[in-house]
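Visitor: I'd like to ask you about the structure that follows.
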Amino acid sequence: MLRISKLADYGTVVMVQIASAPYRLHTAAEVAEEVGVPLPTVSKLLKGLARQGLVVSKRGALGGYRLARPPEEITIGHVITALEGPVAVTACSDGDGLCDHEESCATRIPWIRVNQIVQEALDGVTLADMVAALPGRGGACGSPNPDPSTHRLDLAPPEGGQAAGDDHE
Numbered sequence: 002m003l004r005i006s007k008l009a010d011y012g013t014v015v016m017v018q019i020a021s022a023p024y025r026l027h028t029a030a031e032v033a034e035e036v037g038v039p040l041p042t043v044s045k046l047l048k049g050l051a052r053q054g055l056v057v058s059k060r061g062a063l064g065g066y067r068l069a070r071p072p073e074e075i076t077i078g079h080v081i082t083a084l085e086g087p088v089a090v091t092a093c094s095d096g097d098g099l100c101d102h103e104e105s106c107a108t109r110i111p112w113i114r115v116n117q118i119v120q121e122a123l124d125g126v127t128l129a130d131m132v133a134a135l136p137g138r139g140g141a142c143g144s145p146n147p148d149p150s151t152h153r154l155d156l157a158p159p160e161g162g163q164a165a166g167d168d169h170e
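Residue 2 is where the sequence shown starts when you use this note's numbering, and the numbers rise one by one after that.
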């Protein structure tokens, strides 16, 4: 089963919390309390996200963290990549020379395509999109009876266009 790590999941939750009030400083303790994630975990995540340039920190009694860019410019793909490294569904998706069967593998190109589609899907959702879906913000998660069937990713190529990865010979 394809699944992001618990740490990347928590990192996304932390970033969405900060994005809900993007222009003010948030302390690690405040974020931890608001999202229900232990403070040491939130602190570790925020330090990593700061090292990767997704949040900026200000030291001192009135310090905290804020987004480095507007929430419309930070994608879930950015957050996951900052915490986990590039998305790689299979070893051959992770780069050339990492699979012993690379030269003769009939599924390599399709797996690379799947990897590209997953990355594009993650890059297609911003923190602003996630904030809009928070309860009380009018999104699907905030509606009384959210219907997940109305919120699906369309992975088909555009009409007359190529799907991700179709540029391989």
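Glycine included, each C-beta is placed from N, C-alpha and C at the ideal position.
List the whole-angstrom C-beta distance separating Gly49 from Ala20, where the pair is believed to meet the contact cut-off of C-beta under 8 Å.
Guide: With 8 Å as the limit, Gly49 and Ala20 do not qualify as a contact, their Cβ atoms being about 17 Å apart.
Visitor: Please classify Tyr24: does DSSP put it in a helix, a strand, or coil?
Guide: coil
Visitor: Of the choices Ala30, Val90 and Gln53, whose alpha-carbon is the least far from that of Leu63?
Guide: Ala30
Visitor: Just the Cα atoms here: how many angstroms apart are Gly78 and Arg52?
Guide: Whole-angstrom Cα-Cα distance: 16 Å.
Visitor: What's the gap between the Cα of Tyr24 and the Cα of Pro72?
Guide: 10 Å
Visitor: What does a CB cutoff of less than 7 Å around Tyr11 pick up in its chain, not counting 5 residues either side in sequence?
Guide: Cβ within range, chain order: Val38, Thr42 and Leu46.
Visitor: Would you grab the beta carbon distance between Cys93 and Ile113 for me? Rounded to a whole angstrom, and I think it's under 8 Å.
Guide: 7 Å
Visitor: Is the CB-CB distance between Val90 and Val115 below 8 Å?
Guide: yes
Visitor: Leaving out five residues before and five after Val126 in sequence, what residues of the same chain have Cβ atoms less than 7 Å from its Cβ?
Guide: Thr76 and Ile77
Visitor: What residue does the alpha helix (DSSP H) around Gly78 start on, and which one ends it?
Guide: Ile77 to Glu85
Visitor: Could you check where the alpha helix (DSSP H) with Gly49 kicks off and where it finishes?
Guide: Leu40 to Arg52
Visitor: Which of helix, strand or coil does DSSP assign to Thr127?
Guide: strand
Visitor: Along the chain, where does the alpha helix (DSSP H) containing Val32 start, and where does it finish?
Guide: Boundaries of the alpha helix (DSSP H) harbouring Val32: Ala29 to Val36, taken from the DSSP string.
Visitor: Beta-carbon within less than 8 Å of Cys106's beta-carbon, same chain only, minus the 5 sequence neighbours each way: which residues are those?
Guide: Cβ neighbours of Cys106 beyond the five flanking positions: Cys93 and Cys100.
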